[in-house]
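Below is one structure; the comments refer to it alone.
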Amino acid sequence: MADQTTNPFALPGAEAPRAGLRDVNGCRLHTEVRGSGPTILIIGAASDDAEMFRPIAERLTGFTVVTYDPRGTLRSSRDGWPCDSTRHAEDAAELLRTLGLGAETRADVFGSSAGGIVALQLALRHPELVRRVTVFEPGYFQLTASGRALASRVGAQVDRHLAAHPGDWAGAMALVSGVARVERPDDKQPGVTQPGARPSGLLAAPAGLEWYAARGEALAENLIRGDLPVTSESVDLRALATSAADIRFALGSASHPVFGEIARELTRVRRRPGSADPEEPDVIDGVGHVVCFAPEPVAEYIRRRCA
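When you line the sequence shown up against our numbering, it's residues 8 to 314, in that order.
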């Protein structure tokens, strides 16, 4: 595991978290709580631990920010893992209750990637615990034709690789990242690639962020065994269309177009007649699929959303 003291985006002198293990639904979750004020719960994928979201949490001063290692991830126990998004959502709900958060004032929630699927399940199953729920690029690949095609390509390559190289989770993760390569578009001409631009792997850490690359490799098994199965799940569209929770979808301007298609379809389903539900998902400028690579704009977006 990468040395968490070298996180390149950590804020010098930031308040240390109140960290510990919490007994939740038959497992022990490593949990970190920072600050005071209204509660924000950040939910990452099974391949995202609390340390990866530390820079975002540190920038959300004025809030009580909760991050944690999901069931099966690094410092949390592996009891009952791998599991589906429903179980992860129940873990998140029980964690809020255990911490005494969300019961009276309710919590704002930000979920990213497969963690966005968990955040949406939390909102649909426990609206009494949440206030605003932001779902960033949930991998509901079965929702769109392009998503199903991408998932099929990824799944086939991962299966072939693991059949030839059992247990090579890092190699399988590299394949996932490489299959979903994206071109970086010209800002002035959407969809037109700049001359000399190189494709970027979906999960690849930018130059200078080797810390994240190393930590990602340490969590590669979680991506393959935990996150990929969750992205094969389907969302209950009727529950989404009728839920009383404040649910909004978001995407990054620099991310793979398949996530934009999924977010727009979910936003269309969610928009209730006569409501203030947005017609389009929110867009966070300069952000790709991995929000940890851009803590400043992501934290600023969360702050605006939760204000």
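Glycine is no exception: its CB is placed at the ideal position from the N, C-alpha and C atoms.
Glu-39 lies in the beta strand (DSSP E); which residues open and close that run? 34-41
Measure the CB-CB distance between Gly-293 and Gly-259 and report whether it falls below 9 Å. yes
Do Ala-212 and Val-297 have their C-beta atoms closer together than 9 Å? Taking 9 Å as the Cβ cut-off, Ala-212 and Val-297 qualify as a contacting pair.
In chain order, what residues of the same chain have a beta carbon less than 6 Å from the beta carbon of Arg-160, not counting five sequence neighbours either side? Val-186
Classify His-37: buried if its beta carbon has 16 or more other beta carbons within 10 angstroms, exposed otherwise. buried
Looking at the secondary structure, which residues open and close the beta strand (DSSP E) in which Val-165 lies? Taken as a continuous stretch (DSSP letters only), Val-165 belongs to no beta strand (DSSP E), being part of the alpha helix (DSSP H) at 152-171.
Please give me, in chain order, every unbroken run of the alpha helix (DSSP H) with length at least 4 that falls completely inside the region 46-79. 61-65
Under a Cβ-count criterion, where at least 16 other Cβ atoms within 10 Å of its own Cβ denotes burial, should Ser-241 be classed as buried or exposed? exposed
From the DSSP output, in three-state form, read off Val-116 for me. In the structure shown, Val-116 adopts extended strand secondary structure according to DSSP, grouped into three states.
To the nearest angstrom, how far is the alpha carbon of Ile-269 from that of Pro-145? 8 Å
Residue burial classification, Ala-1 (beta-carbon count within 10 angstroms, cutoff 16): Any property of residue 1 remains undetermined from this structure, which presents the chain solely from 8 to 314.
Mind checking which residues open and close the alpha helix (DSSP H) that includes Ala-121? 121-132
I need the DSSP call for Phe-300, collapsed to helix, strand or coil. Note: Phe-300 maps to helix in three-state DSSP.
Inspect the beta-carbon positions of Pro-77 and Val-116 and report whether they are closer than 9 Å. no
Ordered along the chain, which non-local residues of its own chain (more than five positions away) have a Cβ less than 6 Å from that of Val-265? Ser-153, Gly-154 and Leu-157
If you draw a straight line from the C-alpha of Pro-285 to the C-alpha of Ala-64, how long is it? Distance between Pro-285 and Ala-64, taken at the CA atoms: about 26 Å.
For Gly-42, count neighbouring C-beta atoms within 10 Å of its own C-beta (all shown protein chains included) and say buried if the count is 16 or more, exposed if not. buried
By Cβ distance below 6 Å, which residues in the same chain neighbour Tyr-147 in space, the five residues on each side in sequence not counted? So the qualifying residues of the chain are Val-242 and Ile-269.
Name the residue from Glu-101, Ala-227, Ser-262 and Ala-220 whose alpha carbon lies nearest to the alpha carbon of Gly-79. Ala-227
Would you mind giving the Cβ-Cβ distance between Thr-105 and Thr-71, rounded to the nearest angstrom? I have them listed as a contact below 8 Å. The Cβ separation is near 14 Å, so there is no contact.
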